[in-house]
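Engineer: The following block contains the structure, expressed as structure tokens.
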Amino acid sequence: MDKNLALDAFAALSQPTRLDVFRLLVKAGETGMTAGEISDTLEVRQNTMSANLSILSRANLIRSKREGRSIRYFADMDGMRGLLAFLMEDCCGGRPDQCQPVINEIACAC
Numbered sequence: 019m020d021k022n023l024a025l026d027a028f029a030a031l032s033q034p035t036r037l038d039v040f041r042l043l044v045k046a047g048e049t050g051m052t053a054g055e056i057s058d059t060l061e062v063r064q065n066t067m068s069a070n071l072s073i074l075s076r077a078n079l080i081r082s083k084r085e086g087r088s089i090r091y092f093a094d095m096d097g098m099r100g101l102l103a104f105l106m107e108d109c110c111g112g113r114p115d116q117c118q119p120v121i122n123e124i125a126c127a128c
């Protein structure tokens with residue numbers, strides 16, 4: 019991931035509703051959620067949610083899949099991995115033992 023893509027991702031996550039959406043979709047996992055379910059859960063109007071979902075999608079943080087008349091959204095784990103890898107690219111000055119606690123903290127225990 020290059021710096022500009024990372025900046026787009028950070029800008030997308032810098033707004034409270036979009037951060038809540040991303041975290042909700044990470045929690046939903048492979049099941050994902052429809053836009054209506056996300057709106058209802060977070061108590062956000064659907065037109066506002068649509069704009070937020072578009073921004074997260076352009077930042078490669080979420081992906082979508084059409085299901086008939088609705089769209090299901092998922093956290094884009096490749097996008098999240100790319101962002102985390104960008105942040106940790108030169109971690110700890112070549113001392114991987116110092117990075118291990120951070121890696122342990124973000125590792126999925128599911």
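Everything in the sequence shown is counted per my numbering, starting at 19 for the first residue and increasing by one.
Glycine included, each C-beta is placed from N, C-alpha and C at the ideal position.
Everything numeric in this text was worked out from a predicted model, so none of it was measured.
(1) Quick check on Asn65: buried or exposed, where buried means 16 or more other Cβ atoms within 10 Å of its Cβ?
(2) Checking the sheet assignment: what are the DSSP bridge partners for Arg84?
(3) Kindly confirm or deny that the region 38-48 and the region 90-98 touch, where touching means at least three C-beta pairs closer than 8 angstroms.
(4) Indicate the three-state DSSP secondary structure (helix, strand or coil) for Met19 in the structure shown.
(5) Give me the Cα-Cα distance between Met67 and Ala53, rounded to the nearest whole angstrom.
(6) Once the 5 residues before and after Arg74 are set aside, which same chain residues still bring their CB inside 7 angstroms of it?
(7) Thinking Asp115 and Ala77 are a contact (beta carbons under 8 angstroms), I'd like their distance in whole angstroms, please.
Structural biologist: With the given structure in hand:
(1) exposed
(2) Ile89
(3) yes
(4) coil
(5) 7 angstroms
(6) Reading off the sequence, residue 74 comes out as Leu, not Arg. Ala30, Arg36, Val39, Phe40, Ile80.
(7) That pair is no contact at about 32 angstroms.
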